[in-house]
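Trainee: Each residue of the sequence shown is one higher than the last, beginning at 5 in the working numbering. The beta carbon of each residue, even a glycine, is placed where N, CA and C say it ideally should be. What follows is a structure written as structure tokens; I'll ask about it next.
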Amino acid sequence: MLEQYLDINPEVAAAIAAGKPVVALESTIISHGMPYPQNVETAFKVEQIIRNNGAIPATIAILKGRLKVGMTHDEIEYLGKAGFDVIKTSRRDIPFIVAKQIDGATTVASTMILAQMAGIKIFATGGIGGVHRGAQQTFDISADLQELANTDVAVICAGAKSILDIALTLEYLETQGVPVIGYQTDTLPAFYTRESEFGVDYRLDTPKQIAMAMKAKWEMGLKGGVVIANPIPEEFQLDRGMIDKVILEAVAEMDSKGISGKESTPFLLAKVAEKTKGSSLKTNIELVYNNAKLAAQIAVEYAS
Numbered sequence: 005m006l007e008q009y010l011d012i013n014p015e016v017a018a019a020i021a022a023g024k025p026v027v028a029l030e031s032t033i034i035s036h037g038m039p040y041p042q043n044v045e046t047a048f049k050v051e052q053i054i055r056n057n058g059a060i061p062a063t064i065a066i067l068k069g070r071l072k073v074g075m076t077h078d079e080i081e082y083l084g085k086a087g088f089d090v091i092k093t094s095r096r097d098i099p100f101i102v103a104k105q106i107d108g109a110t111t112v113a114s115t116m117i118l119a120q121m122a123g124i125k126i127f128a129t130g131g132i133g134g135v136h137r138g139a140q141q142t143f144d145i146s147a148d149l150q151e152l153a154n155t156d157v158a159v160i161c162a163g164a165k166s167i168l169d170i171a172l173t174l175e176y177l178e179t180q181g182v183p184v185i186g187y188q189t190d191t192l193p194a195f196y197t198r199e200s201e202f203g204v205d206y207r208l209d210t211p212k213q214i215a216m217a218m219k220a221k222w223e224m225g226l227k228g229g230v231v232i233a234n235p236i237p238e239e240f241q242l243d244r245g246m247i248d249k250v251i252l253e254a255v256a257e258m259d260s261k262g263i264s265g266k267e268s269t270p271f272l273l274a275k276v277a278e279k280t281k282g283s284s285l286k287t288n289i290e291l292v293y294n295n296a297k298l299a300a301q302i303a304v305e306y307a308s
């Protein structure tokens, strides 16, 4: 049934069939996260980092209505040039993008869905979505969190994006039974910075420990994903006081313009990049590289 919608790259399909390590990658970071050509250069380097660490990359998107698991370089280039013309696609959007035979860039939620369809258990991204600031009034909560509650994929990230309400995001994940693992850290990293004032559920210090915990969870039938929070390398983190001030200013501007829902994260990330004179974009790129490396290492251990 899925074959009529799903195209798995032959290299990725062969790796999955052979039980070899595969790492899924999202595509919203390509279309909406960075300008061209940095987005395409970053996507190619992320795939190379995964290969260098012993796994096969599978960048995921929807092109002309086809669910693509494992994109070619030409397809990534096409997506990067199209940019904001590509629809940011979450769970609710998938059937309509397919039916209209148009292009969609996958978020954390939709990448998890397509990865599970293909049989991929490990996914590297920048930061997960979560409960937005002011959600008590707006009910603006990312679909990523509900997907983590229901879909058996581990997400390696640099914590929750610091544009979010991190405390409420952690509360939501706890309620849904989603474990938050800190890789070599006791506190949740906050995307641009290595630490926040919030603790993780469990600290694990090796990729093997993480892979064993994932295996035990799913073999026991405990549904849902795992958040693996991987702090950005120290030399690339931003000053916490500075970034907190910039985010507050960006959130205030977003509210004044009435921007909400799926448009809020791209607006905030672009505004933060502007206010930090591009330093946040460099940090964003470096943390994605760092997450790709760890994801590949976990995938190798999980496959073994």
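Below 8 Å between beta carbons: does that hold for GLY108 and ILE91?
Mentor: Yes, they are a contact pair.
Trainee: Any idea which residues DSSP pairs LEU309 with across the strands?
Mentor: Summary: the structure shown does not reach residue 309, with the chain confined to residues 5 through 308, and so no result is reported for it.
Trainee: Give the straight-line distance between the Cα atoms of TYR187 and GLN213, rounded to the nearest whole angstrom.
Mentor: 10 Å
Trainee: Sort out for me which residues DSSP pairs ARG95 with in a bridge.
Mentor: Looking at the DSSP assignment, ARG95 forms no beta bridge with any residue, so it has no partner.
Trainee: If you draw a straight line from the alpha carbon of PRO39 to that of PHE88, how long is it in whole angstroms?
Mentor: Straight-line Cα distance between these residues: approximately 10 Å.
Trainee: Please report how far the alpha carbon of LEU298 lies from the alpha carbon of PRO211, in whole angstroms.
Mentor: 7 Å
Trainee: Does the structure place the segment 29–44 close enough to the segment 64–84 that three or more beta carbon pairs sit under 8 Å?
Mentor: As far as the Cβ criterion goes, the segment 64–84 touches the segment 29–44, which means the pair count is three or higher.
Trainee: Thinking just about the alpha-carbon of each residue, which of SER284, LEU152, LYS85, ALA233 is nearest to the one in ASN295?
Mentor: ALA233
Trainee: Run the CB neighbour count on LYS165, radius 10 Å, all protein chains shown included, and call it buried at 16 or more, exposed below.
Mentor: LYS165 comes out buried.
Trainee: Tell me whether THR111 sits in a helix, a strand or coil according to DSSP, three-state version.
Mentor: coil
Trainee: Leaving aside the five residues before and after LEU152 along the sequence, list all residues of the same chain whose C-beta is less than 6 Å from its C-beta, in chain order.
Mentor: So the qualifying residues of the chain are VAL182, GLY229.
Trainee: Are GLN241 and THR280 touching if we call contact CB-CB under 8 Å?
Mentor: no
Trainee: If the criterion is Cβ atoms closer than 8 Å, does the pair ILE66 and ILE117 meet it?
Mentor: no
Trainee: Measuring only the C-alpha atoms, how far is GLU201 from ALA147?
Mentor: Rounded to the nearest angstrom, the two C-alpha atoms are 24 Å apart.
Trainee: Is the distance from the Cβ of THR111 to the Cβ of ILE64 below 8 Å?
Mentor: no
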